[in-house]
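Heads up: the structure comes next, in structure tokens.
Protein chains: 2
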Amino acid sequence: MALIVKKFGGSSVASLGHIRRVAWAIASAKEKGEQVVVVVSAMGGETDRLLKLSEEITSMPAGREQDALLATGEQACSALLAITLESLGHRAHSFTGMQLPLITDENQSKARIIDLKTDILKKAINDGIIPVVAGFQGVSESGNITTLGRGGSDTTAVALAAALKANCCEIYTDVDGVYTADPNICPKARHIEKIAFSEMLELASLGAKVMHVRSIELAQKFQVPLVVKSSFNGERQTWIVNEEDIMENSIIKGVTLEKNVSKISLIRIPDCPGIAHQILEPLAEAAINVDMIIQNASIDGYTDLTFTIPTTDLNIANELVNKVAREIKALEVRADNNIVKVSAVGIGIKTNPGVAARMFKALSEENINIEMISTSEYRISCVIEEKYGELGVRAVHHAFGLENKNNHQKEQ
Amino acid sequence: MALIVKKFGGSSVASLGHIRRVAWAIASAKEKGEQVVVVVSAMGGETDRLLKLSEEITSMPAGREQDALLATGEQACSALLAITLESLGHRAHSFTGMQLPLITDENQSKARIIDLKTDILKKAINDGIIPVVAGFQGVSESGNITTLGRGGSDTTAVALAAALKANCCEIYTDVDGVYTADPNICPKARHIEKIAFSEMLELASLGAKVMHVRSIELAQKFQVPLVVKSSFNGERQTWIVNEEDIMENSIIKGVTLEKNVSKISLIRIPDCPGIAHQILEPLAEAAINVDMIIQNASIDGYTDLTFTIPTTDLNIANELVNKVAREIKALEVRADNNIVKVSAVGIGIKTNPGVAARMFKALSEENINIEMISTSEYRISCVIEEKYGELGVRAVHHAFGLENKNNHQKEQ
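Chains as they are written, first to last, in our numbering: chain V, 9 to 420; chain C, 9 to 420.
Laid out in structure tokens, this is it:
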């Protein structure tokens with residue numbers, strides 16, 4: 009009997025009506041003979057509501073307590089879905105991260121999974137009970153409630169699928185898979201049927217909200233068959249597969265716009281060994297993800313350093329950087345959240361050297377100034393002024409002919 | 009150093025503003041040198057919000073899941089209070105019932121405490137951390153989240169005070185203690201400084217909402233010094249003590265009005281052995297609390313039976329009784345929810361035989377007809393027509409001179 013882990017995100021369980029439709033879908037899979045393990049996020053908007061409460065109290069809520077607060081969102085949703093399934097005549101049990109337990113490290117708000125016990129789940133499945141697991145949360149070895157970071161329910165689902173050796177992990181969301189760009193920004197965006205783990209990883213890191221980065225890493229590592237589907241519109245889907253299973257020859261798979269990005273610049277800092285480390289170490293300790301880093305050429309023994317971070321970490325990063333800036337006698341610290349990042353992603357980038365130039369050209373043709381650039385094997389990213397974000401995406405999307413199903417994207 | 013358990017009910021933590029004031033009060037106690045353990049209910053209205061969600065799904069939500077849902081209310085509140093305390097510069101950790109753990113039986117929604125581990129709390133206290141415990145909840149031996157019944161946070165607080173051998177358990181609520189009657193009904197109601205456990209138990213059973221019945225039983229059993237105070241108005245308070253510590257000579261301590269009461273009458277039933285048992289057994293099986301029972305004198309081998317139940321159980325009780333009524337060929341079943349119960353409570357009742365007569369006289373002087381009567385060691389209750397409820401309370405209150413601080417209540 010096939011064992012399927014089905015994960016439903018916040019928009020799929022946004023209301024009791026949504027939860028009822030999800031319950032019907034689960035019941036129908038069960039009746040078809042699938043063994044189902046369900047993972048849910050909090051009801052749409054609930055995590056934001058809880059975050060707003062704690063932010064009203066303080067801009068720096070204690071991590072341990074914030075996690076205990078946020079974990080209630082998923083717990084409540086899993087209980088509501090289990091109540092609904094039971095009311096439809098199925099047996100269902102909700103489980104919190106602590107009940108499984110899903111054991112994590114002590115890193116509050118961004119915890120990583122250390123171990124995942126499946127005894128309780130296996131017993132439930134054998135007893136004909138549908139387990140409904142509260143995603144996003146775990147318990148640390150010292151007994152604290154932890155969360156896996158925003159979108160962590162995907163990670164819970166993939167980890168469960170790996171631990172249970174499930175036949176497949178289905179990620180249900182409000183779109184029917186992955187697109188070449190956000191259709192709200194780029195009306196000509198096309199649905200993608202198959203995408204490589206590596207490409208999906210880049211898309212997810214760049215703010216494509218379909219899936220959580222770590223869940224994709226985990227799925228790749230444990231080779232969990234992964235598919236993204238719409239909760240309520242079952243026609244199309246996107247499979248996430250190994251690179252060698254991708255037969256298409258497109259260079260670029262998609263274009264993303266990342267809005268949660270800010271930059272901090274330190275002006276006129278001493279250009280001596282260890283200075284970048286001194287600046288960035290406190291950020292690393294605070295688990296702030298520094299992305300692009302640019303250091304200007306040195307003049308008179310001084311230089312400037314600019315880096316990007318998630319806007320959500322801007323306040324704390326700014327505070328930490330200002331502290332170091334005083335120590336190293338920097339002339340000035342500038343913070344700017346008026347920027348976005350446009351990226352082109354695809355496994356063809358590493359074998360096609362002209363891709364970056366083509367992207368820069370597309371942006372310059374729209375008179376968009378590129379403030380920062382970074383590239384990786386599978387990705388080219390440009391930081392531009394926020395107001396040009398959507399236009400930039402459309403320009404790059406068009407430059408690589410992504411609107412055409414059989415685009416060949418030959419180099420120009 | 010004095011160790012105090014402080015419990016804050018839903019109205020004391022109804023908003024973030026309320027939570028902030030509670031945090032100040034805790035911080036101030038801590039700064040005075042008290043060791044504090046805090047227990048909180050859900051934010052006012054939150055439990056009702058969650059109940060409404062599950063009731064929208066089904067009228068009979070699965071107990072295990074309902075408890076997992078409701079437990080989130082206290083968890084969220086404990087985290088928010090801990091965040092607030094931390095933002096004031098104190099160290100604070102929230103704890104769920106599962107984290108302590110507070111171990112209960114498997115009786116979902118009405119679980120009883122089996123064991124309460126204090127190691128984690130003691131460690132926190134020794135580390136200078138203020139523990140903020142989510143009340144109302146526990147975990148069963150098989151690992152299910154359970155709740156202790158409405159008002160169960162009081163029970164959590166008293167159980168913690170007993171287990172930690174605390175110097176005192178302070179119950180903070182929206183009133184500054186216990187009154188001789190509900191001041192909203194009886195403007196002359198007087199504040200009570202000391203009340204016996206036995207009296208408080210009767211008051212709580214009769215719908216005085218100040219404290220949960222089981223918490224008072226527990227406090228009496230473990231001799232936990234217990235005091236009821238206002239969260240935000242710290243002048244007065246009511247101590248709940250042993251009978252022998254009450255020095256006042258009042259016969260009656262207070263008068264209550266219970267509205268959640270209905271009566272069912274079976275007319276013309278055979279007056280034979282076992283008939284009352286046959287009628288009431290199904291109600292006991294359905295865990296419906298039958299209170300007053302009256303059986304008329306037998307005429308021609310037939311009699312009438314009347315009993316009271318909580319109005320919240322009226323529908324199901326009526327159904328069960330009608331079934332038996334058909335079997336035993338009763339002439340008629342009459343249900344009436346147009347009644348209330350006025351009770352006088354006091355440890356002086358058992359030693360003052362004239363008290364009941366005085367109460368009946370007070371009601372009859374207002375032309376209020378008494379439909380049913382029951383008495384116990386500490387209580388006299390009269391069922392009267394609903395519309396006379398408030399008037400009845402005022403009449404009895406006045407008859408015993410409860411408005412006077414040094415009333416002597418001599419027999420007339």
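We treat Cβ as the ideally placed atom computed from N, Cα and C, and that holds for glycine.
**OP:** Give, in chain order, every residue of the stretch 193 to 224 of chain V whose Cβ lies closer than 7 Å to some Cβ of chain C.
**Re:** none
Subject >> Residue environment, Asp-135 (chain C), which counts as buried when at least 16 other CB atoms sit within 10 Å >> reply: Here residue 135 (chain C) is taken as the residue at index 127 of the second sequence, counted from 1. Looking at its Cβ environment, which holds fewer than 16 other Cβ atoms inside 10 Å, Asp-135 (chain C) is exposed.
**OP:** Please go through the same chain and pick out, in chain order, the residues whose beta-carbon is closer than 7 Å to the beta-carbon of Ile-137 (chain C), but skip the five residues on each side of it.
**Re:** Stepping through the second sequence from its first residue, residue 137 (chain C) is reached at position 129. Answer for Ile-137 (chain C): Arg-99, Ala-100, His-101, listed in chain order.
Original post:
What residue ranges within the stretch 169 to 242 of chain C form continuous alpha helix (DSSP H) runs of no fewer than 4 residues, ordered along the chain?
Top reply: 205 to 213, 221 to 229
Subject >> First through last residue of the alpha helix (DSSP H) which encompasses His-95 (chain C) >> reply: Indexing the second sequence from 1 puts residue 95 (chain C) at position 87. Looking at the sequence provided, one finds Ser at residue 95 (chain C) rather than His. 71 to 95 is the extent of the alpha helix (DSSP H) around Ser-95 (chain C).
Original post:
Using a Cβ-Cβ distance under 9 Å, would Glu-373 (chain V) count as near chain C?
Top reply: Counted from its first residue, the first sequence places residue 373 (chain V) at position 365. No, because no Cβ of chain C sits closer than 9 Å to the Cβ of Glu-373 (chain V).
Original post:
Does Gly-440 (chain V) get closer than 9 Å to chain C when you measure Cβ to Cβ?
Top reply: Chain V is shown only over 9 to 420; residue 440 (chain V) falls outside these bounds and no answer can be derived.
Original post:
When the distance is taken between beta carbons, is Phe-368 (chain V) closer than 9 Å to Ser-258 (chain V)?
Top reply: Sequence index remark: in the first sequence, residue 258 (chain V) carries index 250 (1-based). Sequence index remark: in the first sequence, residue 368 (chain V) carries index 360 (1-based). Going by C-beta atoms, Ser-258 (chain V) is not nearer than 9 Å to Phe-368 (chain V).
Original post:
Alpha carbon to alpha carbon, what distance is there between Pro-361 (chain C) and Trp-247 (chain C)?
Top reply: In the second sequence, residue 247 (chain C) corresponds to position 239, counting from 1. In the second sequence, residue 361 (chain C) corresponds to position 353, counting from 1. One C-alpha to the other measures close to 27 Å.
Original post:
Going along the chain, which residues of the stretch 145 to 158 of chain C sit with their C-beta nearer than 9 Å to a C-beta in chain V?
Top reply: Val-147, Gly-151, Asn-152, Ile-153
Subject >> Extent of the continuous beta strand (DSSP E) to which Phe-103 (chain V) belongs >> reply: For the purposes of this step, residue 103 (chain V) is taken as the residue at position 95 of the first sequence. Start and end: 100 to 103.
**OP:** Assess, as a yes-or-no matter, whether the stretch 324 to 339 of chain C is touched by the stretch 227 to 247 of chain C under the definition of 3 or more beta carbon pairs within less than 8 Å.
**Re:** no
Original post:
Does His-101 (chain C) come within less than 9 Å of chain V when only Cβ atoms are used?
Top reply: Counting from 1 along the second sequence, the entry for residue 101 (chain C) is found at position 93. For His-101 (chain C), the answer is yes, since a Cβ of chain V falls inside 9 Å of its Cβ.
Original post:
Given 8 Å as the limit, is there contact between the stretch 157 to 166 of chain V and the stretch 211 to 229 of chain V, that is, 3 or more CB pairs closer than that?
Top reply: yes
Original post:
By DSSP, does Gln-2 (chain C) sit in helix, in strand, or in coil?
Top reply: Outside the shown range of chain C (9 to 420) lies residue 2 (chain C), about which nothing can therefore be said.
Subject >> Cβ distance (whole Å) where Ser-270 (chain V) is taken to contact Asp-344 (chain V) below 8 Å >> reply: Looking up residue 270 (chain V) in the first sequence gives position 262. Looking up residue 344 (chain V) in the first sequence gives position 336. Sure, about 6 Å apart at Cβ, within 8 Å.
**OP:** Classify Met-9 (chain C) as buried or exposed, calling it buried when 16 or more other Cβ atoms lie within 10 Å of its own Cβ.
**Re:** Working through the second sequence from its first residue, we reach residue 9 (chain C) at position 1. That one is exposed.
Subject >> Residue nearest to Ala-76 (chain V) in terms of C-alpha spacing, selected from V:Ile-301, V:Ala-119, V:Leu-328, V:Lys-130 >> reply: By 1-based counting over the first sequence, the position of residue 76 (chain V) is 68. For Ala-76 (chain V), the nearest C-alpha among the options comes from V:Ala-119.
Original post:
Checking contacts by CB at 9 Å: is Gly-74 (chain C) closer than that to chain V?
Top reply: What you label residue 74 (chain C) is simply residue 66 of the second sequence in a count that begins at 1. What sits at residue 74 (chain C) in the sequence shown is Gln, not Gly. Chain V contact via Cβ: present.
Subject >> Where the alpha helix (DSSP H) containing Arg-334 (chain V) begins and where it ends >> reply: Residue mapping note: residue 334 (chain V) aligns to position 326 of the first sequence, counting from 1. Segment 322 to 335, the alpha helix (DSSP H) holding Arg-334 (chain V).
Original post:
Are the beta-carbon atoms of Pro-278 (chain C) and Lys-331 (chain C) separated by less than 9 Å?
Top reply: Within the second sequence, numbered from 1, the residue matching residue 278 (chain C) stands at position 270. Within the second sequence, numbered from 1, the residue matching residue 331 (chain C) stands at position 323. No, they are not a contact pair.
Original post:
From this set, C:Ile-122, C:Thr-80, C:Tyr-310, which residue's C-alpha is nearest Ile-275 (chain C)'s C-alpha?
Top reply: One-based indexing of the second sequence puts residue 275 (chain C) at position 267. The candidate whose alpha carbon is nearest that of Ile-275 (chain C) is C:Tyr-310.
Subject >> Whole-angstrom C-beta distance between Thr-319 (chain C) and Met-380 (chain C), which should lie under 8 Å >> reply: On the second sequence, position 372 is the one that residue 380 (chain C) refers to. On the second sequence, position 311 is the one that residue 319 (chain C) refers to. Not a contact, Cβ separation roughly 15 Å.
**OP:** Measure the Cβ-Cβ separation of Glu-42 (chain V) and Leu-11 (chain V) and say whether it is below 9 Å.
**Re:** Walking along the first sequence from the start, residue 42 (chain V) turns up at place 34. Walking along the first sequence from the start, residue 11 (chain V) turns up at place 3. Contact flag set, yes.
Original post:
Taking Cβ to Cβ, would you say Ser-19 (chain C) is nearer than 9 Å to Asp-182 (chain C)?
Top reply: For the purposes of this step, residue 19 (chain C) is identified with residue 11 of the second sequence, where counting begins at 1. For the purposes of this step, residue 182 (chain C) is identified with residue 174 of the second sequence, where counting begins at 1. Yes, Cβ-Cβ distance for Ser-19 (chain C) and Asp-182 (chain C) is below 9 Å.
**OP:** Spatial neighbours of Glu-374 (chain C) within its chain, please: CB distance less than 8 Å, with the 5 preceding and 5 following residues excluded, ordered by chain position.
**Re:** In the second sequence, the residue the question calls residue 374 (chain C) occupies position 366. Taken in chain order, the residues that qualify are Tyr-396, Leu-399, Gly-400, Ala-403.
Original post:
Hey, does Ala-22 (chain C) have any beta-carbon neighbour from chain V nearer than 9 Å?
Top reply: Your numbering for residue 22 (chain C) matches position 14 in the second sequence. Chain V, which has no Cβ nearer than 9 Å to the Cβ of Ala-22 (chain C), makes this no.
**OP:** Closer than 8 Å by C-beta to Glu-411 (chain C): which residues in its own chain qualify, once you throw out the five before and the five after it? Chain order, please.
**Re:** Stepping through the second sequence from its first residue, residue 411 (chain C) is reached at position 403. The residues are Thr-188, Lys-196, Ala-197, Arg-198, His-405.
Subject >> Other residues of its chain near Ile-296 (chain V): CB distance less than 6 Å, five sequence neighbours each side excluded >> reply: By one-based count along the first sequence, residue 296 (chain V) stands at place 288. Excluding sequence neighbours, Ile-296 (chain V) sits near Ile-317, Asp-321, Ala-325.
Subject >> Nearest residue (CA-CA) to Glu-252 (chain C), options C:Gly-262, C:Glu-207, C:His-285 >> reply: As a working mapping, residue 252 (chain C) is identified with position 244 in the second sequence. Measuring from the Cα of Glu-252 (chain C), the nearest candidate turns out to be C:Glu-207.
**OP:** Indicate the three-state DSSP secondary structure (helix, strand or coil) for Thr-8 (chain C) in the structure shown.
**Re:** Nothing can be reported for residue 8 (chain C): it is not among the residues displayed for chain C, which extend from 9 to 420.
**OP:** Verify the CB distance criterion: does Ile-91 (chain V) have a CB-CB separation below 9 Å to chain C?
**Re:** For this step, residue 91 (chain V) is matched to residue 83 along the first sequence. Chain C, which has a Cβ nearer than 9 Å to the Cβ of Ile-91 (chain V), makes this yes.
Subject >> Cα-Cα separation, Val-298 (chain V) to Val-329 (chain V) >> reply: The residue labelled residue 298 (chain V) in the question sits at position 290 within the first sequence. The residue labelled residue 329 (chain V) in the question sits at position 321 within the first sequence. C-alpha separation (whole angstroms): 12 Å.
Original post:
Grouping DSSP H, G and I as helix and E and B as strand, with all else coil, what is Val-401 (chain C)?
Top reply: Looking up residue 401 (chain C) in the second sequence gives position 393. Of the three classes helix, strand and coil, the one that applies to Val-401 (chain C) here is helix, per DSSP.
Original post:
What do you reckon, are the CB atoms on Asn-323 (chain V) and Ser-67 (chain V) nearer than 9 Å?
Top reply: Here residue 323 (chain V) is taken as the residue at index 315 of the first sequence, counted from 1. Here residue 67 (chain V) is taken as the residue at index 59 of the first sequence, counted from 1. Cβ atoms of Asn-323 (chain V) and Ser-67 (chain V): closer than 9 Å.
Original post:
Got a sec: which bits of the stretch 113 to 137 of chain V sit with their beta carbon under 8 Å from any beta carbon on chain C, in order along the chain?
Top reply: Ile-128
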